[in-house]
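Residues in the sequence shown are numbered consecutively from 365, following the numbering used here.
We put the beta carbon where it would ideally sit given N, CA and C, even for glycine.
Since the model is a prediction, treat every value here as computed from it, not as a measurement.
See below for the structure under consideration.
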Amino acid sequence: GYSSISRFFGKLYLFWCGWQAGLYFLVSIGLLTSVVSIYYYLKIIKLLMTGRNKEITPHVRNYRRSPLRSNNSIELSMIVCVIASTIPGISMNPIIAIAQDTLF
365 GYSSISRFFG KLYLFWCGWQ AGLYFLVSIG LLTSVVSIYY YLKIIKLLMT GRNKEITPHV
425 RNYRRSPLRS NNSIELSMIV CVIASTIPGI SMNPIIAIAQ DTLF
(Lines of atoms letter the chains of each structure in order from A and count residues from 1; the text may use other names and numbers.)
(Lines give C-alpha, C1' and ligand atoms only; values in the text may rest on other atoms or scores of the structure.)
Protein backbone atom coordinates (compact mmCIF):
# COMPACT_ATOMS: atom_id res chain seq x y z
CA GLY A 1 0.00 0.00 0.00
CA TYR A 2 0.87 3.62 -0.10
CA SER A 3 1.84 3.87 3.56
CA SER A 4 4.52 1.17 3.28
CA ILE A 5 6.18 2.85 0.33
CA SER A 6 6.02 6.27 1.96
CA ARG A 7 7.55 4.88 5.16
CA PHE A 8 10.36 3.29 3.18
CA PHE A 9 11.18 6.46 1.26
CA GLY A 10 10.77 8.59 4.40
CA LYS A 11 13.22 6.42 6.30
CA LEU A 12 15.60 6.34 3.34
CA TYR A 13 15.49 10.14 3.09
CA LEU A 14 16.05 10.48 6.84
CA PHE A 15 19.09 8.19 6.72
CA TRP A 16 20.46 10.02 3.68
CA CYS A 17 20.15 13.42 5.37
CA GLY A 18 21.74 12.08 8.54
CA TRP A 19 24.63 10.64 6.52
CA GLN A 20 25.16 13.95 4.71
CA ALA A 21 25.10 15.78 8.05
CA GLY A 22 27.89 13.55 9.35
CA LEU A 23 25.78 11.64 11.88
CA TYR A 24 27.29 8.30 10.89
CA PHE A 25 26.80 6.67 14.29
CA LEU A 26 23.09 7.50 14.44
CA VAL A 27 22.54 6.35 10.86
CA SER A 28 24.34 3.08 11.63
CA ILE A 29 22.11 2.49 14.67
CA GLY A 30 19.03 3.28 12.57
CA LEU A 31 20.07 0.86 9.85
CA LEU A 32 20.82 -1.84 12.40
CA THR A 33 17.42 -1.49 14.07
CA SER A 34 15.74 -1.53 10.65
CA VAL A 35 17.46 -4.80 9.74
CA VAL A 36 16.48 -6.34 13.08
CA SER A 37 12.86 -5.25 12.65
CA ILE A 38 12.72 -6.67 9.11
CA TYR A 39 14.00 -9.99 10.48
CA TYR A 40 11.20 -10.14 13.05
CA TYR A 41 8.53 -9.05 10.54
CA LEU A 42 9.60 -11.81 8.16
CA LYS A 43 9.63 -14.28 11.04
CA ILE A 44 5.98 -13.47 11.78
CA ILE A 45 5.05 -13.86 8.12
CA LYS A 46 6.83 -17.22 8.00
CA LEU A 47 4.96 -18.33 11.13
CA LEU A 48 1.66 -17.34 9.54
CA MET A 49 2.47 -19.36 6.44
CA THR A 50 3.93 -22.51 8.00
CA GLY A 51 2.63 -22.65 11.57
CA ARG A 52 4.62 -23.73 14.60
CA ASN A 53 5.49 -27.23 13.39
CA LYS A 54 7.21 -25.97 10.19
CA GLU A 55 4.64 -27.53 7.86
CA ILE A 56 2.44 -25.62 5.49
CA THR A 57 -0.81 -24.78 7.27
CA PRO A 58 -4.06 -26.30 5.98
CA HIS A 59 -5.33 -22.83 5.09
CA VAL A 60 -2.41 -22.25 2.74
CA ARG A 61 -2.40 -25.82 1.40
CA ASN A 62 -6.14 -25.82 0.63
CA TYR A 63 -6.21 -22.31 -0.79
CA ARG A 64 -8.45 -22.14 -3.81
CA ARG A 65 -8.53 -19.32 -6.27
CA SER A 66 -11.85 -17.66 -6.81
CA PRO A 67 -13.38 -18.54 -10.18
CA LEU A 68 -14.65 -14.96 -10.44
CA ARG A 69 -11.17 -13.46 -10.60
CA SER A 70 -8.65 -13.79 -13.33
CA ASN A 71 -4.92 -13.29 -12.93
CA ASN A 72 -4.95 -10.52 -15.49
CA SER A 73 -7.29 -8.31 -13.48
CA ILE A 74 -5.28 -8.85 -10.29
CA GLU A 75 -2.01 -8.11 -12.08
CA LEU A 76 -3.49 -5.02 -13.71
CA SER A 77 -4.81 -3.67 -10.40
CA MET A 78 -1.44 -4.30 -8.72
CA ILE A 79 0.41 -2.46 -11.50
CA VAL A 80 -2.00 0.47 -11.26
CA CYS A 81 -1.55 0.62 -7.47
CA VAL A 82 2.25 0.51 -7.72
CA ILE A 83 2.32 3.27 -10.32
CA ALA A 84 -0.23 5.37 -8.42
CA SER A 85 1.77 5.14 -5.21
CA THR A 86 5.21 5.65 -6.79
CA ILE A 87 4.53 8.66 -9.02
CA PRO A 88 3.70 11.07 -6.14
CA GLY A 89 6.92 10.13 -4.38
CA ILE A 90 9.02 10.70 -7.48
CA SER A 91 7.31 13.90 -8.58
CA MET A 92 7.21 15.51 -5.13
CA ASN A 93 10.72 17.02 -5.32
CA PRO A 94 10.06 19.13 -8.46
CA ILE A 95 6.71 20.24 -7.06
CA ILE A 96 8.34 21.35 -3.80
CA ALA A 97 11.08 23.17 -5.75
CA ILE A 98 8.47 25.06 -7.79
CA ALA A 99 6.57 25.96 -4.62
CA GLN A 100 9.75 27.19 -2.91
CA ASP A 101 10.66 29.34 -5.92
CA THR A 102 7.17 30.80 -5.93
CA LEU A 103 6.86 31.46 -2.19
CA PHE A 104 10.37 32.32 -1.14
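Looking at C-beta atoms only, is the number of pairs between the segment 447 to 458 and the segment 368 to 381 that lie closer than 8 Å three or more?
yes
Taking C-beta to C-beta, are L395 and F379 nearer than 8 Å?
Here residue 395 refers to the residue found at position 31 when the sequence shown is read from its first residue. Here residue 379 refers to the residue found at position 15 when the sequence shown is read from its first residue. Yes.
Does DSSP put R416 in a helix, in a strand, or in coil?
Position 52 of the sequence shown, counted from the start, is the residue given in the question as residue 416. Three-state result, R416: coil.
Please state the DSSP three-state secondary structure of F379.
Along the sequence shown, read from residue 1 onward, the residue named residue 379 stands at position 15. Three-state DSSP puts F379 in a helix.
Spatial neighbours of V399 within its chain, please: CB distance less than 8 Å, with the 5 preceding and 5 following residues excluded, ordered by chain position.
Residue mapping note: residue 399 aligns to position 35 of the sequence shown, counting from 1. Hits under 8 Å: none found.
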